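Novice: Have a look at this one before I ask anything.
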Amino acid sequence: MGLVGSETAKVWELVDGWSDRKLYQGKNIKELFTYDDASLWWFMGYWFVNKVRYLPYNIGDLYLAVKRGKDLKRFDDEAKWRVFRTKMHSRLMDARLFARRVLTRNRRRGPQKPSKDGKRVLVLAKSTSMRPMKDKKTGKTKIGNVYLDTVMQRLEERGFELVKVERTFGINKDWKRLTGARGWTALESYQPDGIDNLASDGTKGVNELWGKVRPKVQGTFIFGGHDLSKYISSSLDVLFETRVPQIITLIETMKNMLDIENPDAVLFISDTRDTERAIIVAAKQKGVPTFGLIHGAFSDELWFYKHKKGEIAQDLSYKAPFSPTPDYLLVYGPADKEWLRRNNYPPKAIAVTGQPMYDVLANADKLYDRKRTCEKLGIDSKKKIILLATGTHALPKEESVLTLRESYKAAKELSSEVELVLKLHPNEGLMDLYEKTSEETGVHPKILKKHDFFELLYACDVLMQNHSNAAIEAMILGKPVISLNFVEEDILGAVKEGASLQVTKPGQLTAAIKKTLFDEKTRQGLKAGAERFLYKRLFKTDGKASDRICDFIEKVTA
Numbered sequence: 319m320g321l322v323g324s325e326t327a328k329v330w331e332l333v334d335g336w337s338d339r340k341l342y343q344g345k346n347i348k349e350l351f352t353y354d355d356a357s358l359w360w361f362m363g364y365w366f367v368n369k370v371r372y373l374p375y376n377i378g379d380l381y382l383a384v385k386r387g388k389d390l391k392r393f394d395d396e397a398k399w400r401v402f403r404t405k406m407h408s409r410l411m412d413a414r415l416f417a418r419r420v421l422t423r424n425r426r427r428g429p430q431k432p433s434k435d436g437k438r439v440l441v442l443a444k445s446t447s448m449r450p451m452k453d454k455k456t457g458k459t460k461i462g463n464v465y466l467d468t469v470m471q472r473l474e475e476r477g478f479e480l481v482k483v484e485r486t487f488g489i490n491k492d493w494k495r496l497t498g499a500r501g502w503t504a505l506e507s508y509q510p511d512g513i514d515n516l517a518s519d520g521t522k523g524v525n526e527l528w529g530k531v532r533p534k535v536q537g538t539f540i541f542g543g544h545d546l547s548k549y550i551s552s553s554l555d556v557l558f559e560t561r562v563p564q565i566i567t568l569i570e571t572m573k574n575m576l577d578i579e580n581p582d583a584v585l586f587i588s589d590t591r592d593t594e595r596a597i598i599v600a601a602k603q604k605g606v607p608t609f610g611l612i613h614g615a616f617s618d619e620l621w622f623y624k625h626k627k628g629e630i631a632q633d634l635s636y637k638a639p640f641s642p643t644p645d646y647l648l649v650y651g652p653a654d655k656e657w658l659r660r661n662n663y664p665p666k667a668i669a670v671t672g673q674p675m676y677d678v679l680a681n682a683d684k685l686y687d688r689k690r691t692c693e694k695l696g697i698d699s700k701k702k703i704i705l706l707a708t709g710t711h712a713l714p715k716e717e718s719v720l721t722l723r724e725s726y727k728a729a730k731e732l733s734s735e736v737e738l739v740l741k742l743h744p745n746e747g748l749m750d751l752y753e754k755t756s757e758e759t760g761v762h763p764k765i766l767k768k769h770d771f772f773e774l775l776y777a778c779d780v781l782m783q784n785h786s787n788a789a790i791e792a793m794i795l796g797k798p799v800i801s802l803n804f805v806e807e808d809i810l811g812a813v814k815e816g817a818s819l820q821v822t823k824p825g826q827l828t829a830a831i832k833k834t835l836f837d838e839k840t841r842q843g844l845k846a847g848a849e850r851f852l853y854k855r856l857f858k859t860d861g862k863a864s865d866r867i868c869d870f871i872e873k874v875t876a
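Letter by letter, the sequence shown follows residues 319 to 876 of this note's numbering.
The structure is reproduced here in structure tokens:
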């Protein structure tokens with residue numbers, strides 16, 4: 319069994335605590351390693367916990383091995399392979415970056431004059447946010463940025479000039495974005511001349527310092543009686559060699575982009591990855607206000623947003639040792655504002671607006687039609703539709719296996735009454751798991767990946783999920799929710815609020831589905847719980863979150 323949400327948060331606490339250790343000349347890693355006055359730690363610390371290929375040792379794996387009394391020898395035996403694999407992955411990233419730079423060279427813009435009315439907003443997004451969605455005005459399905467499209471429409475209606483910039487992932491599938499065919503400019507087109515030399519020089523200085531600091535790391539990371547320092551050092555070896563030049567390139571690209579475009583504000587989806595950190599650093603250096611739109615509801619398992627006292631400057635300075643933080647965080651509702659305050663975000667940086675992505679749901683009855691959706695997808699509209707919103711990319715594998723197995727079994731037991739439909743998360747890749755579960759159970763549900771999720775929600779009768787924001791979206795549409803928590807806990811807090819039924823053991827799901835479909839007392843209880851939950855989480859579901867965000871941007875840039 320892998321890490322569950324609460325354990326991941328504990329691992330981050332260990333890593334974050336280690337980052338406060340004084341290593342060299344009375345300074346910790348956040349203070350020692352900087353670029354342009356910004357701490358490099360906040361660009362790299364995330365990877366010590368997140369299970370990715372950016373570094374050879376994931377602290378979560380080591381944490382579990384120690385907790386379970388396993389021998390750590392296998393980590394040592396795999397050392398050379400782990401380092402080689404990580405470096406090759408980074409080289410592949412470098413090759414992709416170079417290819418995108420070449421492909422976008424002819425898209426470069428010349429310097430733009432400052433706006434006369436303070437109404438030029440640079441919108442920075444990632445290509446992974448481009449998905450099928452309904453246009454609120456026309457009712458037609460389009461490919462758009464699910465988080466920012468409605469806000470951009472409102473800004474343009476108010477006379478704002480938008481500069482839309484996208485960081486692409488992949489080459490072939492993103493050709494239209496790279497060439498600007500969809501109205502977005504590729505971020506890579508702003509890479510300044512001489513960036514390779516600049517990145518090389520900056521990396522050289524970092525690694526020279528690391529050579530002096532490295533011996534001091536020994537004995538500083540102890541867990542369960544084991545000294546894990548050598549694994550930290552090995553991972554930092556790779557990060558400083560491979561990731562630092564990419565971080566420097568990103569920061570310099572953002573600075574050049576702001577010099578060229580001269581925006582009065584920057585709007586982006588607030589995250590804690592390198593893209594968002596880099597634009598915050600660049601914008602603060604240029605004196606451009608930043609607006610970070612939170613794209614999910616907060617919970618204590620969202621370790622990458624947690625901060626100890628003193629990690630965020632009260633004046634929101636980006637300079638080391640502080641964490642680069644947007645000038646304004648735009649959040650779902652009061653519960654999120656309180657969560658951020660508990661995690662030491664300055665209150666002046668938090669604004670409750672609601673989620674603009676959900677504005678379209680205020681007009682759901684005009685935009686969607688259950689019967690038409692069923693006909694389009696070949697689903698029997700006379701049956702109850704059970705929609706499972708999957709998330710294997712973000713779950714322990716054990717949770718994913720049990721979720722699919724139990725869902726398929728329940729669908730088989732209720733086959734005369736229900737039809738199971740799966741909506742895959744855009745970032746998923748475990749397709750063999752779905753095929754294997756079908757072979758085991760004999761159930762072959764409708765599986766959709768590239769489809770308007772809100773259309774499916776509108777057509778369904780019950781939503782099943784693990785800990786997805788899909789639960790919130792279902793409640794907005796008045797759909798009952800079942801939370802599948804076989805391994806992890808109820809992260810969203812919907813069960814505690816009475817807004818969702820919970821299934822924690824195999825064999826319980828069929829009964830839970832029946833209750834949500836046919837037991838009126840259960841349905842009314844869930845409805846009342848959803849109303850309480852939505853107010854805390856979303857503030858208002860009036861279709862006007864985009865307007866509130868525009869009001870806020872207009873006020874700041876006036």
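Glycine residues also receive a C-beta, built at the ideal position from the N, C-alpha and C atoms.
Since this is a predicted model, take the numbers as computed values, not measurements.
1) Roughly how many whole angstroms lie between the Cα atoms of K768 and D645?
2) From this set, M406, A504, P665, which residue's C-alpha is nearest K444's C-alpha?
3) Under DSSP, the alpha helix (DSSP H) around M362 begins and ends at which residues?
4) Leaving out the 5 sequence neighbours to the left and right, which residues in its chain are closer than 7 Å to A499 when beta-carbon positions are compared?
5) Whose C-beta lies closer than 6 Å to the C-beta of G543 among residues of the same chain, with five residues either side of it excluded?
6) Spatial neighbours of K348 within its chain, please: CB distance less than 7 Å, with the 5 preceding and 5 following residues excluded, ordered by chain position.
7) Find out if the Cβ-Cβ distance for the pair A729, P763 is shorter than 8 Å.
8) What is the DSSP secondary structure of I587, reduced to helix, strand or coil?
9) Can you give me the Cβ contacts of S588 inside the same chain, cut-off strictly under 8 Å, excluding the 5 residues immediately before and after it?
10) Measure the alpha-carbon distance for D869 versus V441 and round it to whole angstroms.
11) Taking the C-alpha atoms as reference points, what is the distance between K666 and L706?
12) Tell me whether the region 616-629 and the region 571-582 touch, counting them as touching only if at least three CB pairs, one residue from each stretch, are closer than 8 Å.
13) Per DSSP, what kind of secondary structure is I809 in: helix, strand or coil?
14) Whole angstroms is fine: what's the gap from G520's alpha carbon to N574's?
15) Taking 8 Å as the limit between beta carbons, can you name the residues of its chain near N490, skipping five residues before and five after?
16) Thinking just about the alpha-carbon of each residue, which of R561, G816, G428, V524 is nearest to the one in T365?
17) By the three-class DSSP mapping on this structure, what secondary structure does I871 have?
18) Of the residues T840, A812, E570, which one's Cα is nearest the Cα of N803?
19) Which residue wins for smallest C-alpha separation from I898, given the options L742, K823, G672?
20) Do A601 and I569 count as a contact pair if the criterion is CB distance below 8 Å?
21) For Q820, which residues does DSSP report across the bridge?
22) Please classify D334 as buried or exposed, where buried requires at least 16 other C-beta atoms within 10 Å of its C-beta.
23) Does the Cβ of L410 have 16 or more other Cβ atoms within 10 Å, making it buried, or fewer, making it exposed?
24) If contacts are defined as beta-carbon pairs under 8 Å, then N784 and G696 qualify, I think. What distance do you get, rounded to the angstrom?
Specialist: Looking at the coordinates:
1) Here residue 768 refers to the residue found at position 450 when the sequence shown is read from its first residue. Here residue 645 refers to the residue found at position 327 when the sequence shown is read from its first residue. Approximately 34 Å between the Cα atoms of the pair.
2) Residue 444 sits at position 126 when you count from the first residue of the sequence shown. Of the candidates M406, A504, P665, the one whose C-alpha sits nearest the C-alpha of K444 is A504.
3) Within the sequence shown, residue 362 is the residue found at index 44, counting from 1. Its alpha helix (DSSP H) spans residues 359-362.
4) In the sequence shown, residue 499 corresponds to position 181, counting from 1. The predicted model places A499 with a pLDDT of 49, which falls under 50 and marks its position as unreliable; any figure quoted below should be read in that light. No residues qualify anywhere along the chain.
5) Reading the sequence shown from its first residue, position 225 is the one you call residue 543. Closer than 6 Å at the Cβ level, and outside the excluded window around G543, lies no residue.
6) Counted from its first residue, the sequence shown places residue 348 at position 30. Once the five neighbours on either side are set aside, the close Cβ partners of K348 are S337, S357, W359, A638, P639.
7) Residue 729 sits at position 411 when you count from the first residue of the sequence shown. Residue 763 sits at position 445 when you count from the first residue of the sequence shown. The answer is yes: Cβ separation under 8 Å.
8) Taking the sequence shown and counting its residues from 1, one reaches residue 587 at position 269. The answer is strand: DSSP assigns I587 an E or B state.
9) Here residue 588 is taken as the residue at index 270 of the sequence shown, counted from 1. Closer than 8 Å at the Cβ level, and outside the excluded window around S588, lie E594, G610, L611, I612, H613, P644, L647, L648.
10) Against the sequence shown, residue 869 aligns to sequence position 551. Against the sequence shown, residue 441 aligns to sequence position 123. Each residue's Cα considered, the two are about 16 Å apart.
11) Residue 666 sits at position 348 when you count from the first residue of the sequence shown. Residue 706 sits at position 388 when you count from the first residue of the sequence shown. So the alpha carbons of these two residues sit roughly 38 Å apart.
12) no
13) Here residue 809 refers to the residue found at position 491 of the sequence shown. I809 falls in the coil class under three-state DSSP.
14) Position 202 of the sequence shown, counted from the start, is the residue given in the question as residue 520. Position 256 of the sequence shown, counted from the start, is the residue given in the question as residue 574. In a straight line, the C-alpha of G520 is about 17 Å away from that of N574.
15) Residue numbering aside, residue 490 sits at position 172 when the sequence shown is read from its first letter. Only weak support exists for where N490 lies, its pLDDT of 49 falling under 50; the coordinates are left without a value.
16) Residue 365 sits at position 47 when you count from the first residue of the sequence shown. One point to set straight first is that residue 365 is Trp, not Thr, in the sequence displayed. The shortest C-alpha separation from W365 is found at R561.
17) Taking the first residue of the sequence shown as position 1, residue 871 is located at position 553. In this structure, I871 counts as helix in the three-state DSSP scheme.
18) On the sequence shown, residue 803 is found 485 positions in, with the first residue counted as 1. Selected option, being the one with the closest Cα: A812.
19) In the structure displayed, the chain extends from 319 to 876; residue 898 sits before or after that span and is not available.
20) Here the question's residue 569 lines up with position 251 in the sequence shown. Here the question's residue 601 lines up with position 283 in the sequence shown. Cβ distance not < 8 Å, so I569 and A601 don't count as in contact.
21) On the sequence shown, position 502 is the one that residue 820 refers to. Partner(s): S801.
22) Locating residue 334 in the sequence shown gives position 16, where the first residue counts as 1. The residue in question, D334, is buried, as its Cβ has 16 or more Cβ neighbours within 10 Å.
23) Locating residue 410 in the sequence shown gives position 92, counting from the first residue. Exposed, by the Cβ-count rule.
24) Along the sequence shown, read from residue 1 onward, the residue named residue 784 stands at position 466. Along the sequence shown, read from residue 1 onward, the residue named residue 696 stands at position 378. The pair is not a contact, with the Cβ atoms about 27 Å apart (cut-off 8 Å).
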